[in-house]
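Protein chains in written order, with the numbering used here: chain L, 1 to 413; chain C, 1001 to 1413.
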């Protein structure tokens, strides 16, 4: 049983009072505000602040919430996040608060959701052993599936922050250079191997100084919350460009994130033991750490094609954060790092079409009778996820959705 | 002869009235303003605006210049840049302006310079054929020096925008994992192969929309100006981590930029024919394009160790920009892309120590009698550059300087 609230919730909602994620929304003509969600209602924290209902949590709450981005609030740090979350919980559970708060409930269908935070730097890891092994087997069938460094450090790279977009943003098929093994020369045109990557993303609130470094144990002091990510990938562009400096245009055209940032506090009951790591990592990657039991679901045109389990990721989010900063790199509020494609050991747990169709050689049979290797124009991909909360609650993220639009740049351009 | 100005200039100054770069500075207790430089004087555009001296150029000039970042001005676009530049030229050349402007001249030594723009995304290319060939020969002595894709597209990757720092910022030696060929296992500790990369950087003013793309011919509509870059690199960290997703912690600890953004307009006379490109690039990389004749100088502890010529870069800045956006990636004001290490064909034109010392096997003999392979604590590297301007003027950038500080993270941490 979830915690009693006076708000009327749908059965088995992903947004019980144990969740209370943060987003940014407009309602009619009103300017964008920070909002939370409970059941199928959205509540403006800007409106709560203006009504005095957040007094005593942080100084001047309206300055942080009656605006269209989470960044200033995220920068306040973990004690401020805890204070506001405690108050929101009280507002939705104390029957005496109902009279003041209920008029501020707005149906979800009446608001427009935006990218909830301004992205500073975006880093993408590659931390699912099953995913890395699958790609190794596909591309190097006769070699070792994993690179020699893979079990010693969380491999990652920087992605393009400026093309991180909110769920629902149309995904224009990218054009670029590609060269199939049978091609004499590279050619230009729309990608013919457009793919997804189902990932989980972590949003930095508290910054850290240049020359410093965040230890594994300091994870919860810096990470504000969690989103779902679709790191769209053009496999043909990527394959031709990525040696030796890594992915670039094959990834930089769009990265979609879910509209709700789930506070780390809402995922306390979803913590699971990290996977067994052999070899033992170097000391800077050791310390108390955990995974999160987030079960993802990938839907293509409404039909489930995969259920990747985030719980099994080899490297934990805290290890990723410690690695990312061990060289003295600073953190800024709004930095955002994603797990890498989440794939489980079973075929139906793979988080990308290149794995689901084994590089296009095993097309997926879809429910409508058609088959699919890579994405075609008009396809809609929705990635959801749910984690166990306290009191038997389900903690959801909302879906990260994108529909493929046809390419703008044609070969002759 | 350079254009007559009433300002007293040092002979052969790098900052004649034909330059007029933009920076951000504080003077005593006054808040940071946008400034320009002429000779060895700095002038606040905020002060000029408040004195009415920029009236008629852009709307509300003080809102753009009495602030500590160039971004809002950069976002106004090329006509605004031209209008302000024309007025500044007039202010420093028209004797009748002297009485109003002269009291605003501040000696360079009296100001503190800051990072002149907020970096949105940072992309680093790899476009010097001599550099890429040298690295190929060092790392793959028996293979082809250049990768098969190198002459078909400007190879690049995203770097960390949050650790782009202004000239003068101390460079703390990064720690990280490394594994020499003779090591059984990777180990953790301060980098022992700390290096520089002498590069030229281009700063985006005018944004472009997601799903669009900037053509080669549109380069001057989007690029506001040019800086010098030192892309500090820990070769040992980089070598262990970079397969298959490219450089990450080996680069992300710091990237230094020169304090002055030289307007593209100041470099019109430095344009040179692009290098001969064989094979002919794909159509999206064709169009009227040019290189820039910027002669760089790398000094170690005050002594010149290299003079890399930017003019010979294989891919032009306009081709890099067209490539970076051909997949529909948007541009934001403050996006910043660097050329990649600039190396010329001669040994004394190499833009990194890994090349100058041929992977550490041929130590450099320094003027003080010592030798150097990679950087040691206390070393100071200064990278300068100069380009031909109109009327025989020299267009300089100011140096990008950094001193190596000892590592904070030791092996036991």
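All residues carry an ideal CB built from backbone N, CA and C; glycine is no exception. Source: prediction; values computed, not measured.
| Query | Result |
| --- | --- |
| For residue 351 of chain L, count neighbouring Cβ atoms within 10 angstroms of its own Cβ and tell me buried if that reaches 16, exposed if not. | buried |
| Does the region 238-249 of chain L come close enough to the region 143-150 of chain L to have 3 or more Cβ pairs within less than 8 angstroms? | no |
| Assuming residue 1248 of chain C is part of the alpha helix (DSSP H), what are its boundary residues? | Segment: none, residue 1248 of chain C is in no alpha helix (DSSP H) and carries neither H nor E. |
| Are residue 1069 of chain C and residue 1005 of chain C touching if we call contact CB-CB under 8 angstroms? | no |
| Here's a check: name, in chain order, each residue in its chain whose Cβ is nearer than 6 angstroms to the Cβ of residue 367 of chain L, leaving out the five neighbours to either side. | 303 |
| Determine the chain L residues that contact residue 1156 of chain C at a beta-carbon separation under 9 angstroms, and present them in chain order. | 241, 245, 248 and 249 |
| Answer with yes or no whether the minimum CB distance from residue 188 of chain L to chain C is below 8 angstroms. | yes |
| Mark residue 337 of chain L as exposed unless 16 or more other C-beta atoms lie within 10 angstroms of its C-beta, in which case mark it buried. | buried |
| In chain L, which residues lie with their C-beta within 7 angstroms of the C-beta of residue 1160 of chain C? | 121, 158 and 329 |
| Determine whether the Cβ of residue 167 of chain L lies closer than 8 angstroms to any Cβ atom of chain C. | no |
| Looking at the C-beta of residue 1413 of chain C, does it have a partner C-beta in chain L at a distance below 8 angstroms? | Because the pLDDT at residue 1413 of chain C is just 46, under 50, the model does not fix this residue reliably, and the point stays unresolved. |
| I'd like to know whether the C-beta atoms of residue 1208 of chain C and residue 1200 of chain C end up nearer to each other than 8 angstroms. | no |
| If you count every other CB in all the chains shown that lies within 10 Å of the CB of residue 1139 of chain C, and 16 or more means buried, which is it? | exposed |
| Could you please tell me which residues of the region 92-105 of chain L, in chain order, have their CB closer than 8 angstroms to any CB of chain C? | none |
| Under a three-way DSSP split, which group does residue 331 of chain L fall into? | strand |
| Listing by chain order, which chain L residues have their CB less than 8 angstroms from the CB of residue 1147 of chain C? | 243 and 244 |
| Could you name the residues that DSSP lists as bridge partners for residue 383 of chain L? | L:298 and L:400 |
| Can you tell me whether DSSP reads residue 1048 of chain C as helix, strand or coil? | helix |
| Compare the beta carbon distance of residue 1196 of chain C and residue 1310 of chain C with 8 angstroms and say whether it is the shorter of the two. | no |
| Anyone know if the C-beta pair for residue 1395 of chain C and residue 1401 of chain C falls short of 8 angstroms? | no |
| By the criterion of Cβ-Cβ separation under 7 angstroms, what are the contact partners of residue 1259 of chain C in chain L? | Chain L residues near residue 1259 of chain C: none, gap ~18 angstroms exceeds 7 angstroms. |
| Can you give me the C-alpha to C-alpha distance between residue 1064 of chain C and residue 234 of chain L, rounded to a whole angstrom? | 40 angstroms |
| Helix, strand or coil for residue 1374 of chain C, going by three-state DSSP, please let me know. | coil |
| May I ask whether a heavy atom of the ligand SAH can be found less than 7 angstroms away from the beta carbon of residue 1003 of chain C? | Because no ligand of any kind appears in the structure shown, any question about the ligand SAH cannot be addressed here. |
| With distances taken Cα to Cα, identify the nearest neighbour of residue 17 of chain L among L:3, L:164 and L:95. | L:3 |
| Going along the region 1315-1342 of chain C in order, which residues come within less than 8 angstroms of chain L, judged by CB to CB distance? | 1323, 1324, 1326, 1327, 1328, 1329, 1330, 1331, 1332 and 1335 |
| Hey, residue 41 of chain L and residue 108 of chain L: beta-carbon distance below 8 angstroms or not? | yes |
| With a threshold of 8 angstroms on Cβ separation, who are the neighbours of residue 292 of chain L within its own chain once the five nearest residues in sequence on each side are excluded? | 200, 226, 267, 270, 271, 272, 310, 311, 317 and 387 |
| Return helix, strand or coil for residue 1266 of chain C, following the three-state DSSP convention. | helix |
| State yes or no: is the beta carbon of residue 1061 of chain C nearer than 8 angstroms to at least one beta carbon in chain L? | no |
| Per DSSP, what are the beta-bridge partners of residue 42 of chain L in this structure? | L:37 and L:106 |
| If you scan the region 1338-1377 of chain C from start to end, which runs of the alpha helix (DSSP H) of 4 or more residues do you find wholly inside it? | 1353-1356 |
| Taking only beta carbons into account, state which residues of the region 270-289 of chain L come closer than 8 angstroms to chain C, listed in chain order. | 279, 282, 283 and 284 |
| Quick check: is the beta carbon of residue 214 of chain L nearer than 8 angstroms to any beta carbon in chain C? | no |
| If we call anything under 8 angstroms between Cβ atoms a contact, is residue 49 of chain L one with residue 61 of chain L? | yes |
| Determine the contact status of residue 25 of chain L and residue 58 of chain L, defining contact as a CB-CB distance below 8 angstroms. | no |
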